[in-house]
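Residue numbering for the sequence shown follows the working numbering, beginning at 11 and increasing consecutively. Using N, Cα and C, we set each Cβ at its ideal position, and we do this for glycine too. Remember, predicted model here, so these are calculated numbers, not experimental data. All remarks here apply to the structure that follows.
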Amino acid sequence: MKAKSLHNKNKILGLLLFGIILIAVMVLIDTLSTPTKHIVEDHIDPFKNVKQYEPVIQKELAHKNLEQYTPVMLALMQQESHGKGGDPMQASESAGLSPNSIKDPKKSIDQGIKHFQSILQYGDKKGVDFQTILQAYNMGTGYINFVAQHGGHHSEKLAKEFSLQQVHKNPELYNCGGDKSNFRYPYCYGDFSYSEKVAANVKSLTDSTPVYLTSQDHKSTEQ
């Protein structure tokens with residue numbers, strides 16, 4: 011009887027030991043595989059979605075002799091939508107339509123490029139820097155006029171001042187959805203940090219800073 015009881019105890023201990031070893035092996039495998047998972051995740055290209063539109067963007071820009079701005083258009087798209095949705099350039103409003111009215115990415119790109127060319131040419135005419143032009147994609151040509159009247163060079167301070175002017179004109183519309191914790195509040199018209207974000211996107215896409223991001227050497231082509 012004692013021998014049988016001892017046998018059962020040994021059997022139970024053996025099963026427990028096997029279970030402990032199995033758990034330890036599983037934990038070890040998971041620990042060893044975790045860095046690999048992180049490495050794969052770290053190497054996912056954040057611009058993957060927008061890059062699929064690069065051939066279309068480059069082709070459309072080439073028609074206007076503006077193909078050197080391909081990285082800029084990709085950077086704008088990244089900031090606007092990360093390359094997602096039917097209006098990846100968020101160009102509906104620049105065409106006088108309601109937000110997201112455009113449902114075809116190709117039409118969105120066409121309108122986005124048309125809008126960009128318009129502000130590029132207007133910015134050249136007004137003698138503002140390229141950062142102002144980037145900001146105007148978000149805030150409109152009114153921002154170009156505002157900067158032209160205040161030295162011709164974009165700054166976050168000027169973007170905030172212009173935003174606040176627009177907020178005062180229509181406080182019910184530009185109120186950050188009533189969310190005072192929104193980083194833009196109370197500068198709820200546009201995004202005062204927009205041009206810096208787009209410039210950072212351009213740098214990430216090109217691994218360098220194009221000259222037109224640091225100077226006024228951004229010649230546009232009249233069509």
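- Taking the Cα of I143 as reference, the smallest distance to any Cα among D114, A34, G29 and Y222 is reached at Y222.
- Between F202 and S173, the C-beta gap is smaller than 9 Å, which places the two residues in contact.
- Shortest Cα-Cα distance from L76 to any of S128, C186 and Y153 involves S128.
- Between I119 and M99, the beta carbon gap of about 6 Å places them in contact (Cβ cut-off 8 Å).
- F126 is not a Cβ neighbour of G93, given a cutoff of 9 Å.
- Per DSSP, I112 is not a residue of any alpha helix (DSSP H), being assigned neither H nor E.
- One alpha carbon belongs to Y63, the other to A146, and they sit about 22 Å apart.
- M83 and V60 have their C-alpha atoms spaced approximately 9 Å apart.
- The Cβ neighbour count for S191, taken over all protein chains shown within 10 Å, is under 16; the residue is labelled exposed.
- Cβ contact annotation for G133 (same chain, cutoff 7 Å, sequence separation greater than five): T142, I143, A146 and I154, in chain order.
- Sequence-distant Cβ neighbours of T80 in its own chain, meaning closer than 8 Å and more than five residues away, are E64, I67, Q68 and L71.
- As the crow flies, the alpha-carbon of A210 is around 48 Å from that of L32.
- Assigned with DSSP and collapsed to three states, D189 falls in coil, not helix or strand.
- Boundaries cannot be given for Y222, as no alpha helix (DSSP H) includes it and DSSP labels it neither H nor E.
- Annotation: the continuous alpha helix (DSSP H) that includes M149 extends over F140 to M149.
- If you draw a 10 Å sphere on the C-beta of A101, you find 16 or more other C-beta atoms in it, and that means buried.
- In the three-state reduction of the DSSP assignment, S91 falls in the helix class.
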